[in-house]
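Here the protein sequences come in this chain order: A and B. Residues 1 to 461, numbered by the numbering used here, are exactly what the first sequence covers, in order. Residues 462 to 945, numbered by the numbering used here, are exactly what the second sequence covers, in order.
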Amino acid sequence: MKEIVFSTLEQLRNYARQQGLTATFLYREEDSSLMRFANSAISLNTNEHLIAIEITVYDGSRRASYEVIASPGDQEALLRGVDTAAEMVKHTMPLDYAPTVTAIKIDFVDESGFDAALAEMSSQQKLEYFNAAAAGMETGELRLGGIFSSGINVLAICSTLTDQTQYIKFTDAQVNVVLSHAVDKWEVLAEQSAARKTDLDPTPLQDHLSFLVEHYRQDPPIQLPLGKYDIIFGASATAHMLHFMHWIGFNGGLMKRGYSFLSEAEIGTQVLSPLVNMADDTSDYRTFPLRQDLIGMDRSRYPLFEKGIFRGFTYLQDEADEFAQPATGHTVYHDSLTFAGGDHPVSSLRQLVSEPRDTDLLYFPYLHYANIVNPSRGVLTGSSRFGALLLKKDGTIAVPFNVRISPSLKDILGSQLAWLSRESEANNISLSYGARNPQAIVVPKFMRVNGVEITHSNSSY
Amino acid sequence: MLDDIKKQIKRLQAQGATYVDTRWYPYEERNSLSMWNGNLKDTNATRQSGVGVRVLYKGAWGFSASSNVEQLTAIYDRALENARVAAERVTFPIRLAEKDILQASFASPNQVDPFTVPLAEKVDLMKQVDAWLKDDAVQQRSVDLTLTRRLAHFIDSEGSQIEKNIVDVFTRVEVSSQDENGVTQERKFRLGRRGESRGWENFDPAFFQEISLRIVQELKELLAAPECPKDDRSVILLHSIMFLQTHETIGHALELDRILGYELAFAGGSFVTLDDFGKLRYGSNKLTARANATLPNSPGSFGFDDDGVPAQDNLLIDRGLLVGAITSRQMVEEANARARREIFQGSSGANRATAFYRVPIERMTNINIDSGTDGTLEDIIAGTEHGIILDGDRSWSIGSNREQFHFGTEIGWLVENGLKKGVVKNSTYKGDTLKFWNSLSAVGNASTWKMHFVDNCGKGQPNQIIQLGHGVPICRFDNVRVGE
């Protein structure tokens with residue numbers, strides 16, 4: 001397969017050179033499978049094999065792109081794509097800055113993220129995994145849902161400026177197992193992210209789900225009064241909050257456009273709690289790392305926060321060009337965000353629940369439908385879902401109806417942050433809008449934040 | 462190619478498939494232009510082609526798609542194999558509601574195919590709009606233009622064969638600046654329905670000039686405005702937020718697959734149950750909502766859905782009473798069986814996929830609110846004692862069963878004793894869905910009704926972003942919490 005990719009790109013590069021063009025060629029291939037469960041059945045079993053080639057032609061500070069999704073053997077369509085981009089660039093308008101053109105300096109092949117065993121998992125094996133994760137829990141009312149999404153990803157890029165090519169191939173899997181109550185309308189969730197088949201193990205999912213199901217069946221439901229609560233966020237909720245920092249935090253381009261709660265003046269200063277250590281770290285294989293960006297720039301570890309001190313913004317190459325900033329190697333489809341654990345020795349929900357506590361704690365595992373209310377202030381809003389628990393001071397447990405919080409990221413990760421669990425995990429936040437783009441953020445399994453205000457409380461599930 | 466597809470469908474039927482359909486896209490093209498502060502940052506075009514195959518085997522779906530149509534047999538084999546594995550876990554064997562067998566075609570109305578317009582002309586229009594947005598008070602200006610067209614063939618094992626040729630145009634114009642507190646304020650505009658056709662003729666420079674100057678002026682007012690108060694009052698929703706209210710708390714809540722639990726593992730469910738149809742008072746008697754895919758010129762009008770069912774105009778809520786849903790052939794059969802009564806008489810023709818490589822699911826068409834009898838905006842303001850007029854979607858967050866919501870809006874104007882007062886910034890409102898719609902106290906007349914286009918509605922796994930429309934009048938709701 002690799003040879004076909006290289007050969008296709010070589011043909012395109014040669015053709016563009018013959019036409020006297022300056023051009024880059026980005027090859028993306030995905031072989032995706034998704035087994036979806038709902039109402040205890042496999043509601044859908046799909047696979048999609050797509051090959052896309054994006055051709056960008058430059059003429060000074062003008063540029064235009066043309067993307068073809070078609071058969072790689074359809075050489076005529078691909079060459080026509082070069083011609084189309086070349087024609088488009090004549091009629092576009094010049095930028096007021098000089099865009100950097102990709103120049104791959106060495107042949108770079110990275111298949112370290114590819115796991116043949118994961119790539120070759122059959123539908124039957126995925127079904128067995130799901131059956132094991134839900135073992136013993138399904139009833140007529142308690143129904144299985146979720147997804148087993150997996151795929152092979154290939155990214156390759158070259159340009160007319162050099163003879164070299166960059167090729168990255170990796171595998172990924174995202175598993176969400178949900179048990180939902182058809183009458184009471186509550187749902188509990190367990191998740192797993194995998195870059196290799198050996199990352200997959202249904203046992204902890206079954207354990208987590210059975211614990212939650214037991215409590216949702218036996219403990220009293222409660223509508224929480226509005227007010228301030230000490231909250232233990234689960235890995236998914238934390239990962240989703242951090243995901244927003246890609247947009248309204250350390251993204252340099254958006255900061256320059258006024259859509260960030262961080263400023264250039266804060267670089268080198270204490271912005272968040274000293275407990276916060278965050279980086280873009282491609283050495284962690286769980287993040288599906290891209291070790292070179294699409295410009296060909298090396299992506300070594302890039303610190304974002306060290307003991308709460310802000311270390312700097314990340315820039316897409318185009319935004320670095322536009323705002324005259326140094327490139328940071330972030331022209332990628334996804335970063336490798338890692339949020340280091342702390343010193344609190346709790347590694348499972350069972351352990352968290354069994355810990356003595358001197359106040360009521362709200363376990364908030366998942367942030368449903370979160371959105372940005374005010375980017376300049378870093379204010380988000382979202383609701384609890386998928387297994388929240390009220391861990392009462394007296395040791396008992398209640399099951400809260402879903403609640404809404406609307407905090408600022410600076411508060412959550414700043415003065416209100418109480419502790420981080422020692423253990424971390426990769427939380428897969430892939431959405432796969434359009435092209436497959438597996439993305440996982442490594443976060444502490446649990447994060448305690450004190451004094452978070454609940455702004456809305458449901459009166460039922 | 463069409464003959465090859467028919468042969469493959471017959472081959473799979475011979476192997477036990479009870480239903481097979483194929484969507485073949487000879488092409489789907491997109492032209493996207495994005496200008497930021499006068500820089501044409503993106504000049505992109507895409508062209509994709511391929512085949513998606515859906516197979517029903519022993520009551521379970523399998524799907525396979527590829528851009529490599531040279532391997533047609535392998536695509537069909539894979540779809541059948543996927544269905545065979547899915548058939549190992551079936552709890553309610555899938556049946557499809559009856560439909561008419563059709564040999565048909567649909568072409569969206571447009572006078573000037575936007576793909577025939579020279580790129581330079583498109584760029585010139587964007588430069589002109591950008592120039593209208595320039596003002597000392599404006600820090601960021603953006604103008605986006607997206608044009609799409611596709612030729613799609615639908616063929617199924619029941620004998621239907623449908624050809625669709627659809628053109629869409631979308632645009633977005635936005636200005637923003639930071640206020641004295643460093644908080645970004647913004648105003649934007651998206652092109653909606655302007656007449657009966659949806660081609661390049663929609664890009665009338667005079668119209669864009671008027672819009673551009675208005676949003677710049679409103680941004681300037683926002684920059685000098687006080688904060689939105691935090692209290693309970695009436696909210697008067699203009700089109701650019703009323704569409705979102707309709708979308709999130711009527712549209713998504715009434716998708717039948719959500720009601721039946723098929724989205725519970727991700728997007729969520731619905732507070733609506735099958736028992737509610739014909740009984741639930743969804744809103745006040747001023748509320749009538751419908752799914753109308755027959756309206757000319759909207760991305761929510763597509764001729765035939767991806768089950769091959771013709772577009773329809775169906776009531777969802779009739780004078781406050783819940784009467785209908787957004788449905789497909791599969792879901793109406795299951796819903797009627799589960800409810801042990803015939804709630805739905807056939808599919809409403811709302812099963813759509815975003816691309817050849819995605820499987821169709823229930824999607825909104827044009828989810829509209831009928832205009833009312835409460836006059837113009839001025840009339841509604843005059844009848845409001847303590848309120849706020851809101852416009853512009855800024856953020857949206859909704860409970861997992863669509864039972865509650867929180868929306869951020871771009872701009873608000875206070876209303877006191879029937880008079881429109883000054884602008885306020887950072888305006889938000891929230892509520893419980895049923896309580897909110899039952900507090901609907903005024904619905905503007907036909908002169909206030911406008912069709913808003915949505916180009917970014919996400920749903921499903923794998924995720925699909927689809928385009929649709931919402932025709933809405935100006936509406937007022939009472940006792941709503943604002944400013945949180």
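We put the beta carbon where it would ideally sit given N, CA and C, even for glycine.
My guess is that residue i and residue j are in contact by the Cβ rule of under 8 Å, so how many angstroms apart are they, rounded?
i, j, result
"R422 of chain A", "P365 of chain A", "Between P365 of chain A and R422 of chain A the Cβ distance is about 18 Å, and since that is not below 8 Å, they are no contact."
"T287 of chain A", "A426 of chain A", "7 Å"
"Y46 of chain A", "V584 of chain B", "According to the sequence displayed, residue 46 of chain A carries Thr and not Tyr. Not a contact, Cβ separation roughly 39 Å."
"E635 of chain B", "S603 of chain B", "5 Å"
"F567 of chain B", "G761 of chain B", "Their Cβ separation, rounded to whole angstroms, is 13 Å, which puts F567 of chain B and G761 of chain B out of contact at 8 Å."
"A613 of chain B", "R484 of chain B", "6 Å"
So which residues on chain A does residue i lean against when the C-beta distance must stay under 8 Å?
i, result
"K896 of chain B", "None at all; the shortest Cβ gap to chain A is about 10 Å."
"P579 of chain B", "H91"
"F524 of chain B", "L44, N45, T46 and N47"
"G722 of chain B", "A38, N39, R143, G145, S180 and A182"
"F553 of chain B", "N39 and A41"
"R539 of chain B", "N47"
Please report the distance separating the alpha-carbon of residue i from that of residue j.
i, j, result
"D852 of chain B", "I697 of chain B", "9 Å"
"F576 of chain B", "Q164 of chain A", "36 Å"
"N775 of chain B", "Y369 of chain A", "29 Å"
"E462 of chain A", "I55 of chain A", "Outside the displayed span of chain A (1 to 461) sits residue 462 of chain A, for which this structure offers no information."
"D74 of chain A", "D96 of chain A", "37 Å"
"R790 of chain B", "V512 of chain B", "21 Å"
"S908 of chain B", "L721 of chain B", "37 Å"
"G490 of chain B", "K882 of chain B", "Sequence inspection shows Glu at residue 490 of chain B; the Gly mentioned does not correspond to that position. Cα-Cα distance, rounded: 47 Å."
"L533 of chain B", "D718 of chain B", "30 Å"
"A728 of chain B", "V68 of chain A", "31 Å"
"N862 of chain B", "E945 of chain B", "21 Å"
"K410 of chain A", "P666 of chain B", "43 Å"
"Q270 of chain A", "E264 of chain A", "13 Å"
"T162 of chain A", "K169 of chain A", "21 Å"
"V573 of chain B", "F631 of chain B", "15 Å"
"A726 of chain B", "S180 of chain A", "8 Å"
"T160 of chain A", "D281 of chain A", "30 Å"
"Y167 of chain A", "D110 of chain A", "6 Å"
"R813 of chain B", "E803 of chain B", "23 Å"
"G499 of chain B", "D591 of chain B", "6 Å"
Check the Cβ of residue i against every Cβ in chain B and list those closer than 8 Å, keeping chain order.
i, result
"K410 of chain A", "In chain order: nothing, as chain B lies at least about 13 Å away."
"M88 of chain A", "T504, A506 and L580"
"I232 of chain A", "Neighbours of I232 of chain A on chain B: none; closest Cβ ~20 Å, over 8 Å."
"G382 of chain A", "S858"
Show which residues of chain A have a CB atom less than 7 Å away from the CB atom of residue i.
i, result
"H913 of chain B", "Within chain A, no residue comes near H913 of chain B; the closest Cβ sits about 19 Å away, beyond 7 Å."
"R508 of chain B", "V68"
"W857 of chain B", "N371"
"R780 of chain B", "The premise fails here: R780 of chain B is roughly 26 Å from chain A at the closest Cβ pair, so nothing lies under 7 Å."
"T645 of chain B", "G258, Y259, P375 and S376"
"T889 of chain B", "V373"
Quick one: which chain A residues come within Cβ less than 9 Å of residue i?
i, result
"P760 of chain B", "Result: empty, since nearest Cβ-Cβ is about 17 Å, beyond 9 Å."
"H708 of chain B", "What H708 of chain B touches in chain A: nothing, since even the nearest Cβ is about 13 Å away."
Could you list which residues in chain B have their beta carbon closer than 7 Å to that of residue i, in chain order?
i, result
"L475 of chain A", "In the structure displayed, chain A extends from 1 to 461; residue 475 of chain A sits before or after that span and is not available."
"K169 of chain A", "Result: empty, since nearest Cβ-Cβ is about 18 Å, beyond 7 Å."
Can you pull the chain B neighbours of residue i, defined as C-beta to C-beta under 9 Å?
i, result
"L361 of chain A", "Near L361 of chain A there are no residues of chain B at all, since even the closest Cβ is about 22 Å away, more than 9 Å."
Validate contact between the stretch 189-206 of chain A and the stretch 316-336 of chain A using beta carbons, cut 8 Å, 3 pairs: no
The stretch 350-364 of chain A touching the stretch 218-236 of chain A, judged by at least three CB pairs closer than 8 Å: They touch, by the three-pair rule.
Segment contact, 8 Å Cβ cut-off, at least three pairs: the stretch 902-917 of chain B with the stretch 819-833 of chain B: yes
Contained alpha helix (DSSP H) runs [length at least 4] in the stretch 523-573 of chain B, N- to C-terminal order: 533-547
Inter-stretch contact at 8 Å, needing at least 3 Cβ pairs: the stretch 6-22 of chain A / the stretch 515-531 of chain B: no
Cβ pair count under 8 Å reaching 3, the stretch 680-694 of chain B against the stretch 590-604 of chain B: yes
At least three beta-carbon pairs within less than 8 Å, the stretch 389-398 of chain A to the stretch 437-448 of chain A: no
Cβ pair count under 8 Å reaching 3, the stretch 149-164 of chain A against the stretch 205-212 of chain A: no
Proximal residues, the stretch 922-934 of chain B versus chain D, C-beta separation under 9 Å: Looking at the structure shown, chain D is missing, and the protein chains on hand are A and B.
At least 3 beta-carbon pairs within less than 8 Å: the stretch 695-714 of chain B vs the stretch 916-933 of chain B: yes
Contained alpha helix (DSSP H) runs [length at least 4] in the stretch 326-395 of chain A, N- to C-terminal order: 349-354
Residue ranges of each alpha helix (DSSP H) within the stretch 634-692 of chain B, 4 or longer: 666-684
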